[in-house]
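Numbering-wise, the sequence shown is residues 1 to 547 according to UniProt numbering.
Presented below is the structure to which this report refers.
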Amino acid sequence: IGHPEIFPLVLTKQTQEIFDCRVNEDVTEQNCFKLIKKEDIIQDLKTRAAISDFHPIKKIILEYPGEELLVVFDVDFQYGQNFYLVASEEAKENLLKPPETAEEKEEKETVDVPPYQPPVSKPWVSLGSEKEVEEESVKDTVTKIKYMASRVRRDFGAPVTFTDKNVSQFKDCYMECTSYEDKTFSIKLLEKDVGIQMVPKVREACTQTNWSYPKNAATQYCPRQLSDEEQNESLSSEKLKNFLTSVSLRMEIALQQNEIMNAFFDDWKALGEDESKSGGDPDVFLKAYQSLRDQRYLKARTISCVCWHPTIYGLIAVSARQRLSDEEEANLCDKPLLRQSVILLWSILDPSQPQLILECPEDIDCFQFSPHNPNIITGGCINGQVVLWDISQYEEKLQIEKPVDDGETIPVNTVNASVLNILQHNSVAGPSSSEVQQSSTEPPLVKYCRVSDIEHSHKKPITDLNWLPDDFEDNPTGAASEEKVERDVQLVTCSPDYSILFWDIPDTSLPEEPPPDKVTKDFFYKRSDVPDTANPPDLCWKPLIKV
Numbered sequence: 001i002g003h004p005e006i007f008p009l010v011l012t013k014q015t016q017e018i019f020d021c022r023v024n025e026d027v028t029e030q031n032c033f034k035l036i037k038k039e040d041i042i043q044d045l046k047t048r049a050a051i052s053d054f055h056p057i058k059k060i061i062l063e064y065p066g067e068e069l070l071v072v073f074d075v076d077f078q079y080g081q082n083f084y085l086v087a088s089e090e091a092k093e094n095l096l097k098p099p100e101t102a103e104e105k106e107e108k109e110t111v112d113v114p115p116y117q118p119p120v121s122k123p124w125v126s127l128g129s130e131k132e133v134e135e136e137s138v139k140d141t142v143t144k145i146k147y148m149a150s151r152v153r154r155d156f157g158a159p160v161t162f163t164d165k166n167v168s169q170f171k172d173c174y175m176e177c178t179s180y181e182d183k184t185f186s187i188k189l190l191e192k193d194v195g196i197q198m199v200p201k202v203r204e205a206c207t208q209t210n211w212s213y214p215k216n217a218a219t220q221y222c223p224r225q226l227s228d229e230e231q232n233e234s235l236s237s238e239k240l241k242n243f244l245t246s247v248s249l250r251m252e253i254a255l256q257q258n259e260i261m262n263a264f265f266d267d268w269k270a271l272g273e274d275e276s277k278s279g280g281d282p283d284v285f286l287k288a289y290q291s292l293r294d295q296r297y298l299k300a301r302t303i304s305c306v307c308w309h310p311t312i313y314g315l316i317a318v319s320a321r322q323r324l325s326d327e328e329e330a331n332l333c334d335k336p337l338l339r340q341s342v343i344l345l346w347s348i349l350d351p352s353q354p355q356l357i358l359e360c361p362e363d364i365d366c367f368q369f370s371p372h373n374p375n376i377i378t379g380g381c382i383n384g385q386v387v388l389w390d391i392s393q394y395e396e397k398l399q400i401e402k403p404v405d406d407g408e409t410i411p412v413n414t415v416n417a418s419v420l421n422i423l424q425h426n427s428v429a430g431p432s433s434s435e436v437q438q439s440s441t442e443p444p445l446v447k448y449c450r451v452s453d454i455e456h457s458h459k460k461p462i463t464d465l466n467w468l469p470d471d472f473e474d475n476p477t478g479a480a481s482e483e484k485v486e487r488d489v490q491l492v493t494c495s496p497d498y499s500i501l502f503w504d505i506p507d508t509s510l511p512e513e514p515p516p517d518k519v520t521k522d523f524f525y526k527r528s529d530v531p532d533t534a535n536p537p538d539l540c541w542k543p544l545i546k547v
């Protein structure tokens, strides 16, 4: 482009919040410059490592001579991304303080400043402001009440004499001015004597109970005894044969259960007694046949969900999450993601390493395969988002076959296959050359194709999700309609935030590849273990119904 000191960047929403450069809030089209300290960027590289947005230009940041780096908000995507970094002090100063051009200098020199002229007073012209002042002024609109105090005419001008009195002559050393009754304002009440007497209403009534004469009664039961002829007739009857035929199977099952185990035996109590008596490990009747380990993604983490593939037998998917305390569980949003969260797909034919790795934005609490299209996988994150993966392009890789010594092969995804038989065959035959070659290669990392908008998702971790049946479909009004196509189009999620959300499954088809003449060359080398953030997934996936 001709600007080697400018490096395009993609800053995600989380990175914008960390460095206070949120789009249309901290940086706008008018104020598009943001100075970020070099120490803060280095600290972010240490904290988030490979998932940091500054990781692709880590070397350039470390070699930068200044203390602050200039990040510019690219509104028009001039350099291909939403932000770009200026990697030289000279270019930073030119952007912050652009030099004046020759035309601007000439304009300043040629502009004539008119001489100062003092203002001239003009007569006042009414434009209606006096009416507004009159309307806003406060005026008395309530009629005032007038009181008149009068006295007798002969008391006018009468002399007033004041005398002195000693306080000690009065009780409690103070003089009381008691109130007196003014006969002018006294109202005479008309009184009369009134008497009221309450008399209860009395009514006579009677009742009679019929009395029955007591008498003794007794009942005697005699045993029913049948003769030999009656017994033979009853035993050879069709009714008895039909009864015995209908209940014989249930009686046999009940007798077998009584012989196999004691229904009143306390297994929990006996388990504790066996451990205390033996002093060591109790007898284990279920032995671990095979274990799957991964030191990179599952070390010091808790398994949150395990699912078998619906059609490919022997393929198992596992998700893990960080081990958090009760306080950290309550504040999941404040807990940084120290390690990349993934879903691992293992094959029991090759337990040395996963067959496929699904990248997750956050730790996954639960996930499920689509019943009709197992290539579609949905998961629920601890931050409330719903994630969608499409592994259709890796379907052939997952359907591996196990070679046998005589040249035959055992397909893993057969309908009648047994997981235990495959495991036994695997342990007897040993690893093959194809397994050794596959284990030496790094499993592919699949990026999620859709993720829900965090503002419209759950506010707490998703505890469970389920696909809705394919015979009906919900609409935004809450009404259900029949859907004859055998495909899963909707799912439902629940969370401790007192809400249940219904989701429409978006289209997961991949976009068409651009022609070779329009493919631009990447400026930087991308490692295989670093997720590609150049084309982020659609963040506008919102729920259809919220309950």
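No residue lacks a Cβ here, since even glycine has one placed at the ideal position from N, Cα and C.
Predicted model, so just to flag it, every value in this text is computed and none were measured.
* Look at the alpha carbon of T493 and the alpha carbon of I364, and state the distance between them as a whole number of angstroms. => The residue labelled residue 493 in the question sits at position 493 within the sequence shown. The residue labelled residue 364 in the question sits at position 364 within the sequence shown. Across the structure, T493 and I364 are spaced so that their CA atoms are roughly 13 Å apart.
* To do: Using the DSSP secondary-structure output, state which residues sit across from Y8 in a beta bridge.
  => In the sequence shown, residue 8 corresponds to position 8, counting from 1. With the sequence shown as reference, residue 8 is identified as Pro, and Tyr is not the correct amino acid for it. P8 is bridged by DSSP to Y84.
* To do: With DSSP as the reference, label P403 as helix, strand or coil.
  => Here residue 403 refers to the residue found at position 403 when the sequence shown is read from its first residue. With a pLDDT of only 44 at P403, under the threshold of 50, the placement of this residue in the model should not be trusted; the figure read from the coordinates follows. When DSSP states are grouped into helix, strand and coil, P403 belongs to the strand group.
* Asked: For K241, which of helix, strand or coil comes out of DSSP?
  -> The count along the sequence shown starts at 1 and reaches residue 241 at position 241. Note: K241 maps to helix in three-state DSSP.
* Asked: DSSP puts N466 in a beta bridge; with which residues?
  -> Numbered from its first residue, the sequence shown carries residue 466 at position 466. In the DSSP output, where bridge partners are listed per residue, N466 has V492.
* **Beta-carbon gap between D53 and V10 smaller than 8 Å** => Indexing the sequence shown from 1 puts residue 53 at position 53. Indexing the sequence shown from 1 puts residue 10 at position 10. Cβ atoms of D53 and V10: closer than 8 Å.
* Starting from the C-beta of V342, find all residues in its chain whose C-beta is less than 7 Å away, skip the five residues before and the five after it, and write them out in chain order. => Working through the sequence shown from its first residue, we reach residue 342 at position 342. Result list for V342: Y297, I357, L358, E359, C360, in chain order.
* **Nearest-angstrom Cβ-Cβ length linking I57 and L85, presumed shorter than 8 Å** => Counting from 1 along the sequence shown, the entry for residue 57 is found at position 57. Counting from 1 along the sequence shown, the entry for residue 85 is found at position 85. The distance from the Cβ of I57 to that of L85 is about 7 Å, consistent with a contact at the 8 Å cut-off.
* **L398, enclosing alpha helix (DSSP H) - first and last residue** => As a working mapping, residue 398 is identified with position 398 in the sequence shown. Counting along the chain, the alpha helix (DSSP H) containing L398 begins and ends at 395–398.
* Might you give, ordered along the chain, the residues of its own chain that have their beta carbon closer than 6 Å to the beta carbon of V547, omitting 5 neighbours on each side? => One-based indexing of the sequence shown puts residue 547 at position 547. Only residues of its own chain outside the window of five on either side were considered, and among them I500 have a CB closer than 6 Å to the CB of V547, listed in chain order.
* To do: Can you tell me which of the three DSSP states D76 falls into?
  => Here the question's residue 76 lines up with position 76 in the sequence shown. The DSSP-derived three-state label of D76 is coil.
* Burial state of Y221 (16 or more Cβ within 10 Å) -> For this step, residue 221 is matched to residue 221 along the sequence shown. Classification of Y221: exposed, given that the 10 Å Cβ count is below 16.
* First and last residue of the uninterrupted alpha helix (DSSP H) at A91 -> Translated into positions along the sequence shown, residue 91 becomes position 91. It spans 89–96 - the alpha helix (DSSP H) in which A91 sits, taken as one unbroken run.
* **The beta strand (DSSP E) enclosing E359, as first and last residue numbers** => Residue mapping note: residue 359 aligns to position 359 of the sequence shown, counting from 1. Segment 356–360, the beta strand (DSSP E) holding E359.
* **Three-way DSSP call (helix, strand, coil) for E68 in this model** => Translated into positions along the sequence shown, residue 68 becomes position 68. Of the three classes helix, strand and coil, the one that applies to E68 here is strand, per DSSP.
* To do: Quick one: give me the first and last residue of the alpha helix (DSSP H) that T378 is part of.
  => The residue labelled residue 378 in the question sits at position 378 within the sequence shown. No alpha helix (DSSP H) contains T378, which is instead part of the beta strand (DSSP E) from 376–381.
* Proximity to I18 [Cα-Cα], best of E5, Q30, K34, T28 -> Along the sequence shown, one-based indexing puts residue 18 at 18. Measuring C-alpha to C-alpha distances from I18 to each of E5, Q30, K34, T28 identifies K34 as the nearest.
* Would you be able to state if there are at least three C-beta pairs under 8 Å between the region 41–51 and the region 120–131? => No, the region 120–131 does not touch the region 41–51.
* V318 versus C366, L349, K37, V199, residue with shortest Cα-Cα distance -> Taking the sequence shown and counting its residues from 1, the one referred to as residue 318 is at position 318. The residue with the shortest Cα to Cα distance from V318 is C366.
* Work out the CA separation of E63 and I454 for me, nearest whole Å. => Mapped onto the sequence shown, residue 454 falls at position 454. Mapped onto the sequence shown, residue 63 falls at position 63. Rounded to the nearest angstrom, the gap between the Cα atoms of I454 and E63 is 36 Å.
* Exposed unless 16 or more other CB atoms sit within 10 angstroms - verdict on I196 -> Mapped onto the sequence shown, residue 196 falls at position 196. Its Cβ having fewer than 16 others within 10 Å, I196 is exposed.
* To do: Given a cut-off of 8 Å, decide if I382 and P461 are closer than it, judged by their beta-carbon atoms.
  => To locate residue 461, count along the sequence shown from 1; it is residue 461. To locate residue 382, count along the sequence shown from 1; it is residue 382. For the pair P461 and I382, the CB atoms are nearer than the 8 Å cut-off.
* Assigned secondary structure, I391 (DSSP; H/G/I helix, E/B strand, else coil) -> The sequence position of residue 391 within the sequence shown is 391, counting from 1. Coil at I391, not helix or strand.
* Asked: In its own chain, which residues sit with a C-beta less than 8 Å from the C-beta of G384, not counting the 5 before and 5 after it?
  -> Your numbering for residue 384 matches position 384 in the sequence shown. Around G384: I454, S457, H458, K459, K460, P461, I462, S495, D497.
* Neighbourhood of V404 by C-beta distance below 6 Å, restricted to the same chain and skipping five residues each side -> In the sequence shown, residue 404 corresponds to position 404, counting from 1. With a pLDDT of only 43 at V404, under 50, the local geometry of the prediction cannot be trusted, and no value is derived from it.
* Thinking just about the alpha-carbon of each residue, which of V306, E25, Q368, P443 is nearest to the one in N466? -> Here residue 466 refers to the residue found at position 466 when the sequence shown is read from its first residue. Restricting attention to V306, E25, Q368, P443, the CA atom closest to the CA of N466 is found in Q368.
* Just the Cα atoms here: how many angstroms apart are V71 and A91? -> Here residue 71 refers to the residue found at position 71 when the sequence shown is read from its first residue. Here residue 91 refers to the residue found at position 91 when the sequence shown is read from its first residue. Their Cα atoms are separated by approximately 12 Å.
* **Pairwise C-alpha distance: D20 and F83** => The residue given as residue 83 occupies position 83 in the sequence shown. The residue given as residue 20 occupies position 20 in the sequence shown. Distance between the alpha carbons of F83 and D20: 14 Å.
* Alpha-carbon spacing of M5 relative to E68, whole angstroms -> On the sequence shown, position 5 is the one that residue 5 refers to. On the sequence shown, position 68 is the one that residue 68 refers to. Note that residue 5 is Glu in the sequence shown here, rather than Met. When rounded, the distance between both Cα atoms is 15 Å.
* To do: Pull up the distance between the alpha-carbon of S88 and that of K13, whole angstroms please.
  => Here residue 88 is taken as the residue at index 88 of the sequence shown, counted from 1. Here residue 13 is taken as the residue at index 13 of the sequence shown, counted from 1. Take the alpha-carbon of S88 and the one of K13: they are about 26 Å apart.
* With burial defined as no fewer than 16 other Cβ atoms inside 10 Å of the residue's Cβ, what is the status of T378: buried or exposed? -> Working through the sequence shown from its first residue, we reach residue 378 at position 378. T378 comes out buried.
* Asked: According to DSSP, is E473 helix, strand or coil?
  -> In the sequence shown, the residue the question calls residue 473 occupies position 473. E473: strand per DSSP, three-state reduction.
* Asked: Using the rule of at least 16 other Cβ atoms within 10 Å of the residue's Cβ for burial, across every protein chain shown, is V27 buried or exposed?
  -> Taking the sequence shown and counting its residues from 1, the one referred to as residue 27 is at position 27. By the 10 Å Cβ count, V27 comes out buried.
* Asked: Just curious, the alpha helix (DSSP H) that V133 is in, first and last residue?
  -> One-based indexing of the sequence shown puts residue 133 at position 133. First-last of the alpha helix (DSSP H) with V133: 129–136.
* Asked: For A270, does the three-state DSSP call read helix, strand or coil?
  -> Here residue 270 refers to the residue found at position 270 of the sequence shown. The answer is helix: DSSP assigns A270 an H, G or I state.
* To do: Go ahead and label P65 buried or exposed: buried means 16 or more other beta carbons lie within 10 angstroms of its beta carbon, across all protein chains shown.
  => In the sequence shown, the residue the question calls residue 65 occupies position 65. It counts as exposed.
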